[in-house]
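Trainee:
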Amino acid sequence: MDTALPMKTSAGRFFEDFRLGEVIRHATPRTVTAGDAALYSALYGTRFAVQSSDVLAAQIGYERSPLDDLLVFHVVFGKTVPDISLNAVANLGYAEGRFLKPVYPGETLSAVSEVIGLKENSNGKTGVVYVRTRGLRSDGAEVLEYVRWVMVKKRDEAASVADQHVPQLADSVEPSHLGIGCPPIDVEAYDFGLAGSPWRWGDFRIGERIDHVDGMTVEEAEHQLATRLYQNTARVHFDQHAATGSRFGRRLIYGGHVISLARALSFNGLGNAFHIAAINGGRHVAPLFAGDTVYCWSEVLDTAELEGRSDMGALRLRTIAAKNAPCTGFPGRNGSEYDPAVVLDFDYWALLPR
Amino acid sequence: MDTALPMKTSAGRFFEDFRLGEVIRHATPRTVTAGDAALYSALYGTRFAVQSSDVLAAQIGYERSPLDDLLVFHVVFGKTVPDISLNAVANLGYAEGRFLKPVYPGETLSAVSEVIGLKENSNGKTGVVYVRTRGLRSDGAEVLEYVRWVMVKKRDEAASVADQHVPQLADSVEPSHLGIGCPPIDVEAYDFGLAGSPWRWGDFRIGERIDHVDGMTVEEAEHQLATRLYQNTARVHFDQHAATGSRFGRRLIYGGHVISLARALSFNGLGNAFHIAAINGGRHVAPLFAGDTVYCWSEVLDTAELEGRSDMGALRLRTIAAKNAPCTGFPGRNGSEYDPAVVLDFDYWALLPR
Amino acid sequence: MDTALPMKTSAGRFFEDFRLGEVIRHATPRTVTAGDAALYSALYGTRFAVQSSDVLAAQIGYERSPLDDLLVFHVVFGKTVPDISLNAVANLGYAEGRFLKPVYPGETLSAVSEVIGLKENSNGKTGVVYVRTRGLRSDGAEVLEYVRWVMVKKRDEAASVADQHVPQLADSVEPSHLGIGCPPIDVEAYDFGLAGSPWRWGDFRIGERIDHVDGMTVEEAEHQLATRLYQNTARVHFDQHAATGSRFGRRLIYGGHVISLARALSFNGLGNAFHIAAINGGRHVAPLFAGDTVYCWSEVLDTAELEGRSDMGALRLRTIAAKNAPCTGFPGRNGSEYDPAVVLDFDYWALLPR
Numbered sequence: 001m002d003t004a005l006p007m008k009t010s011a012g013r014f015f016e017d018f019r020l021g022e023v024i025r026h027a028t029p030r031t032v033t034a035g036d037a038a039l040y041s042a043l044y045g046t047r048f049a050v051q052s053s054d055v056l057a058a059q060i061g062y063e064r065s066p067l068d069d070l071l072v073f074h075v076v077f078g079k080t081v082p083d084i085s086l087n088a089v090a091n092l093g094y095a096e097g098r099f100l101k102p103v104y105p106g107e108t109l110s111a112v113s114e115v116i117g118l119k120e121n122s123n124g125k126t127g128v129v130y131v132r133t134r135g136l137r138s139d140g141a142e143v144l145e146y147v148r149w150v151m152v153k154k155r156d157e158a159a160s161v162a163d164q165h166v167p168q169l170a171d172s173v174e175p176s177h178l179g180i181g182c183p184p185i186d187v188e189a190y191d192f193g194l195a196g197s198p199w200r201w202g203d204f205r206i207g208e209r210i211d212h213v214d215g216m217t218v219e220e221a222e223h224q225l226a227t228r229l230y231q232n233t234a235r236v237h238f239d240q241h242a243a244t245g246s247r248f249g250r251r252l253i254y255g256g257h258v259i260s261l262a263r264a265l266s267f268n269g270l271g272n273a274f275h276i277a278a279i280n281g282g283r284h285v286a287p288l289f290a291g292d293t294v295y296c297w298s299e300v301l302d303t304a305e306l307e308g309r310s311d312m313g314a315l316r317l318r319t320i321a322a323k324n325a326p327c328t329g330f331p332g333r334n335g336s337e338y339d340p341a342v343v344l345d346f347d348y349w350a351l352l353p354r
Numbered sequence: 001m002d003t004a005l006p007m008k009t010s011a012g013r014f015f016e017d018f019r020l021g022e023v024i025r026h027a028t029p030r031t032v033t034a035g036d037a038a039l040y041s042a043l044y045g046t047r048f049a050v051q052s053s054d055v056l057a058a059q060i061g062y063e064r065s066p067l068d069d070l071l072v073f074h075v076v077f078g079k080t081v082p083d084i085s086l087n088a089v090a091n092l093g094y095a096e097g098r099f100l101k102p103v104y105p106g107e108t109l110s111a112v113s114e115v116i117g118l119k120e121n122s123n124g125k126t127g128v129v130y131v132r133t134r135g136l137r138s139d140g141a142e143v144l145e146y147v148r149w150v151m152v153k154k155r156d157e158a159a160s161v162a163d164q165h166v167p168q169l170a171d172s173v174e175p176s177h178l179g180i181g182c183p184p185i186d187v188e189a190y191d192f193g194l195a196g197s198p199w200r201w202g203d204f205r206i207g208e209r210i211d212h213v214d215g216m217t218v219e220e221a222e223h224q225l226a227t228r229l230y231q232n233t234a235r236v237h238f239d240q241h242a243a244t245g246s247r248f249g250r251r252l253i254y255g256g257h258v259i260s261l262a263r264a265l266s267f268n269g270l271g272n273a274f275h276i277a278a279i280n281g282g283r284h285v286a287p288l289f290a291g292d293t294v295y296c297w298s299e300v301l302d303t304a305e306l307e308g309r310s311d312m313g314a315l316r317l318r319t320i321a322a323k324n325a326p327c328t329g330f331p332g333r334n335g336s337e338y339d340p341a342v343v344l345d346f347d348y349w350a351l352l353p354r
Numbered sequence: 001m002d003t004a005l006p007m008k009t010s011a012g013r014f015f016e017d018f019r020l021g022e023v024i025r026h027a028t029p030r031t032v033t034a035g036d037a038a039l040y041s042a043l044y045g046t047r048f049a050v051q052s053s054d055v056l057a058a059q060i061g062y063e064r065s066p067l068d069d070l071l072v073f074h075v076v077f078g079k080t081v082p083d084i085s086l087n088a089v090a091n092l093g094y095a096e097g098r099f100l101k102p103v104y105p106g107e108t109l110s111a112v113s114e115v116i117g118l119k120e121n122s123n124g125k126t127g128v129v130y131v132r133t134r135g136l137r138s139d140g141a142e143v144l145e146y147v148r149w150v151m152v153k154k155r156d157e158a159a160s161v162a163d164q165h166v167p168q169l170a171d172s173v174e175p176s177h178l179g180i181g182c183p184p185i186d187v188e189a190y191d192f193g194l195a196g197s198p199w200r201w202g203d204f205r206i207g208e209r210i211d212h213v214d215g216m217t218v219e220e221a222e223h224q225l226a227t228r229l230y231q232n233t234a235r236v237h238f239d240q241h242a243a244t245g246s247r248f249g250r251r252l253i254y255g256g257h258v259i260s261l262a263r264a265l266s267f268n269g270l271g272n273a274f275h276i277a278a279i280n281g282g283r284h285v286a287p288l289f290a291g292d293t294v295y296c297w298s299e300v301l302d303t304a305e306l307e308g309r310s311d312m313g314a315l316r317l318r319t320i321a322a323k324n325a326p327c328t329g330f331p332g333r334n335g336s337e338y339d340p341a342v343v344l345d346f347d348y349w350a351l352l353p354r
């Protein structure tokens, strides 16, 4: 055997491998299908009528049922993992996420990321990488974009990193940027009975809190099926043998799985919030493990009209998920400390019929 | 926050919330797809050839493979849960179930229930609600109807319930009502070799017992995936945290999951009984938990010709499922007592080629 | 009840039931769909771009994304189980496997096996059955063929077996027989960036070893879902109650599940080896159980050009999977003994762009 042969496997990028401004085309375009939609349904039990019924969706202005926005997010996110976060220590945050087009079964998604920030940590062992990722349809149309930042290990502590930069990120997406991912909706044709909730955009108030009541216990097989469906290759989710010797001793559940669980549970209270227009921020406060039960509650942080549209309005929601503790007491953050049950703090804009 | 805001979440109806004659349109219409069929296959391993092969189905008279009758049942049933049985203590029985049309991938199902009976229990804490549920295609055609009755908690023990009534329900569906859900079958074109069984309708005798031999162990992830696929929101199936303090200490497996397991296992012996025409009755004798292994056997209770049809005949079957005990000894009911292994006693009409 | 009624269940064939030259048409044709493809993705996390993106597949010469070759293999294999291996003690090997046509969602597969060898074991309790199985599309076109041999119990130790014969099987499929299952590929249009690997056929050398690095832990629910999806009815995979009293005390994982896991993991290093052209041999060295973590590595055993084709070349690969032990040390066979971690030794031809 020729020992000079190049290594065929990829170990993923380390912190010093990233360059500011670099554009990374991610591998494995993915045609999403009704099969993915069925699996998403089985994994989370989502009940938003627009994503469930082709007929209802077509009646109000969609071609047919679009895929769940978070399924699109996870598929796009998954593509970035082998290039961005294979050597990540932690997924630190999200910002400036926008859903730009409905995605229908049969469409093919790919992803491209731009490195928009790099900041070495003072310990010299890790650094924070900021990327803006775009999810693209095969005709080039952008369906999604978001920024995330992750802490990535350095391969070589001595390696120097030339250009460093911490990007300015919006605290929340401007209302004027919302709505492009939602076609004009014929609210007369929207059947609130079939949708399962009478509450329209105007029925919610800033500061209102909603306990979504139900709990969902997660199994290893479930989060592994989900994470593989998204072609997310982060090892921490799949390898119990390696995990046994690690800090937690357990496989970690993909943070996006928790977001989808919370979103599905939030149907009870937010049944007409069928479209996520934007992700303002998100923090995985604590890890979730198989056997844990997820509960969640939401607070209305803001409301907004959509420029030039009388069909839909936007609610800025903060959904907090907790493990092994019902959310009747609205566990959250007390000063800088989270309630120990909290696993997710997710801030997003959802659209509801007016 | 405005404390006068209406509660956005639904706690489900309690016994005193139902009115005799009330018609409830259930939420979340659902377009069923090839993705659902694939999941159903993965969940139960069903092998009825008509539901497995578009080609075989088209050769004998279907448009293509219809969805499994029980998948249709579970999807329709699931819709009723948030309105009917979210506060149920027990699912008591089924009757007068009829499958009225094949359902194909791409069709959209919804459900409507009429309250046909109400009977308060003498303890004043619960009552029995009887509903007749209809599963509808988006063009309004009825694909399924059945009656079920459930014991539902009262919110307020002092609440009075005006009109009470216990409906008369048929012990079994009349043979003259069978067959409408099955198109005319070209039995010459039905390939008994590919179907996996040589036994036709005429080969079975009243009183014949069939041990279906195989056992299937159920995992938490499996029944949760199934029950979410059906958008069935009953909390007892999903919330281990709450279950830990409950009577059983475990998540309960959706009774319909057991019916589907038994039906799939019954293929070994009833391979040509590809269509369920009617459900005469069903009783979940004991709960099933993850880790339990399901076995089953069937008895031929009756046989019937179908009016005006020489292609298919009907067998009235009683399929009994037991847990953690093979069914070589045909465990059943001895007087009023069931064998302690029995979990399901299911009485239905199936059609087979003549 | 008429006690003279024939037994309706099948107990499967025992060794003395097979006849040399016998041709067995297997039951349950199966229309494979995008739902199956989605489940395959969720079960293994496969990332080969041709099977993932309709657009990429169409650009290079396929109609659209073909189903994963191993999904086709498992579906065809599953059909043979009720007739061939329901009473098998062990699945001994595979040979002369060839993938002859891409299979697309919507096509219907069936299977036929010819008994090409029979050899009673000296203990008189078992014998080895050799079958050549053909997977067929509904238009009769052959999509796959392979030989496997299994050790099958005798029903009656005293039964004599007339014609015995051990077939001569090729050590490996001749390169001249490779490639028919892969359409002409437009390599110019093949996007190595989207495919996730820069390495072409010519970049690999005989003797080269690739550690595929990642590990995947298997859950009971996962292998059961997979094996049922393939309509494989072998009891050892599903029945914990029976397994509890058996040699291992556990449900055995279908060997094909391990092959698919290893294949999916091999993407890291063999990302352009998108088509399996042939299976030369395969041995399930040791059983895998739920909770085990699978790792694997591959060795390039040979390389071959394809007659008359300049688009694709073939690599003969030996992929070895181990459990609960990373493959950095390339665990394999030392003389006649395998490293105790090894569970699979799989020898196949894969095609890569040149």
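Residue numbers (the UniProt record's numbering), protein chains in the order written: chain A, 1 to 354; chain B, 1 to 354; chain C, 1 to 354. All residues carry an ideal CB built from backbone N, CA and C; glycine is no exception.
Determine, using beta-carbon pairs with one atom in the segment 297-306 of chain A and one in the segment 224-240 of chain A, whether at least three such pairs fall under 8 Å.
Mentor: Between the segment 297-306 of chain A and the segment 224-240 of chain A, the count of C-beta pairs closer than 8 Å stays below three; the two stretches do not touch.
Trainee: Measuring only between beta-carbons, confirm whether residue 34(B) sits less than 8 Å from chain C.
Mentor: For residue 34(B), the answer is yes, since a Cβ of chain C falls inside 8 Å of its Cβ.
Trainee: Is it buried or exposed, residue 248(B), if we count other Cβ atoms within 10 angstroms and call 16 or more buried?
Mentor: exposed
Trainee: Does the separation of the CB atoms of residue 314(C) and residue 251(C) fall below 8 Å?
Mentor: no
Trainee: Does DSSP put residue 87(B) in a helix, in a strand, or in coil?
Mentor: Of the three classes helix, strand and coil, the one that applies to residue 87(B) here is coil, per DSSP.
Trainee: Give the secondary structure of residue 183(C) by DSSP, where H, G and I count as helix, E and B as strand, and everything else as coil.
Mentor: coil
Trainee: Let's test the definition: count the other Cβ atoms within 10 Å of the Cβ of residue 246(B) and tell me whether it reaches 16, buried, or not, exposed.
Mentor: By the neighbour-count criterion, in which 16 or more other beta carbons inside 10 Å mark a residue as buried, residue 246(B) falls on the exposed side.
Trainee: Residue 342(A): buried (16+ other C-beta within 10 angstroms of its C-beta) or exposed?
Mentor: buried
Trainee: For the segment 246-266 of chain C, enumerate the residues whose C-beta is nearer than 9 Å to any C-beta of chain B, in chain order.
Mentor: 251
Trainee: Does the pairing of the segment 201-212 of chain A with the segment 313-331 of chain A give three or more beta-carbon distances under 8 Å?
Mentor: yes
Trainee: Express the C-alpha separation of residue 32(B) and residue 309(B) in angstroms, rounding to a whole number.
Mentor: 30 Å
Trainee: Check whether the segment 131-145 of chain A and the segment 109-122 of chain A touch, using three or more Cβ-Cβ pairs below 8 Å as the test.
Mentor: Enough Cβ pairs lie closer than 8 Å, so yes.
Trainee: How big is the Cα-Cα spacing for residue 273(B) and residue 152(C)?
Mentor: 30 Å
Trainee: Among the residues of its own chain, which have a CB less than 7 Å from the CB of residue 88(A), if the five just before and after it don't count?
Mentor: 150, 151, 152
Trainee: Looking at the structure shown, is residue 27(B) part of a helix, part of a strand, or coil, going by DSSP?
Mentor: coil
Trainee: So with CB distances below 9 Å, who are the chain A contacts of residue 309(B)?
Mentor: Going along chain A, no residue has its Cβ under 9 Å from residue 309(B), so there is no contact; the nearest lies around 33 Å.
Trainee: Indicate whether the contact test is met: 3 or more Cβ pairs, each with one atom in the segment 189-200 of chain A and one in the segment 111-130 of chain A, closer than 8 Å.
Mentor: no
Trainee: So with Cβ pairs under 8 Å, would you call residue 1(C) a contact of chain B?
Mentor: Note that residue 1(C) scores 47 on pLDDT, short of 50, meaning its location in the model is unreliable and no value can be drawn from it.
Trainee: Just to confirm my understanding: we take residue 85(C), look at its own chain, exclude 5 residues before and 5 after, and list those with CB closer than 6 Å. What are they?
Mentor: 150
Trainee: Where do the ends of the alpha helix (DSSP H) carrying residue 36(A) lie?
Mentor: 34-44
Trainee: Going by other Cβ atoms of all chains shown within 10 Å of its Cβ, with 16 needed for buried, is residue 357(A) buried or exposed?
Mentor: Nothing about residue 357(A) can be reported from this structure: the residues present for chain A run from 1 to 354 only.
Trainee: Starting from residue 299(A) and walking both ways along the beta strand (DSSP E), at which residues does that stretch end?
Mentor: For residue 299(A), the uninterrupted beta strand (DSSP E) segment begins and ends at 293-306.
Trainee: Please state the DSSP three-state secondary structure of residue 71(B).
Mentor: Looking at residue 71(B) - three-state DSSP - the assignment turns out to be helix.
Trainee: Whole angstroms is fine: what's the gap from residue 1(A)'s alpha carbon to residue 296(C)'s?
Mentor: Its pLDDT being 47, under 50, residue 1(A) is placed unreliably in this model, and the value from its coordinates should be taken loosely. Distance between the alpha carbons of residue 1(A) and residue 296(C) is about 19 Å.
Trainee: For a cutoff of 8 Å on Cβ pairs, would you count residue 77(A) as touching chain C?
Mentor: no
Trainee: Classify residue 334(A): buried if its beta carbon has 16 or more other beta carbons within 10 angstroms, exposed otherwise.
Mentor: Around the beta carbon of residue 334(A), fewer than 16 other beta carbons sit within 10 angstroms, so the residue counts as exposed.
Trainee: Residues in its own chain within less than 6 Å of residue 40(C) by CB, not counting five upstream and five downstream?
Mentor: 68, 71
Trainee: Would a C-beta distance cut-off of 8 Å place residue 144(C) and residue 204(C) closer than the cut-off?
Mentor: no
Trainee: Taking the alpha carbon of residue 49(B) as the reference point, which residue from 36(B), 43(B), 66(B) has its own alpha carbon closest?
Mentor: 66(B)
Trainee: Going along the chain, which unbroken runs of the alpha helix (DSSP H) with 4 or more residues stay wholly within the segment 215-289 of chain B?
Mentor: Listed in chain order, the complete alpha helix (DSSP H) runs (minimum 4 residues) inside the segment 215-289 of chain B are 220-229, 240-244, 255-265, 267-270.
Trainee: For a test of the three-state rule: what should DSSP assign to residue 211(B), helix, strand or coil?
Mentor: strand
Trainee: May I ask you to report which of helix, strand or coil DSSP gives residue 347(B)?
Mentor: Strand at residue 347(B).
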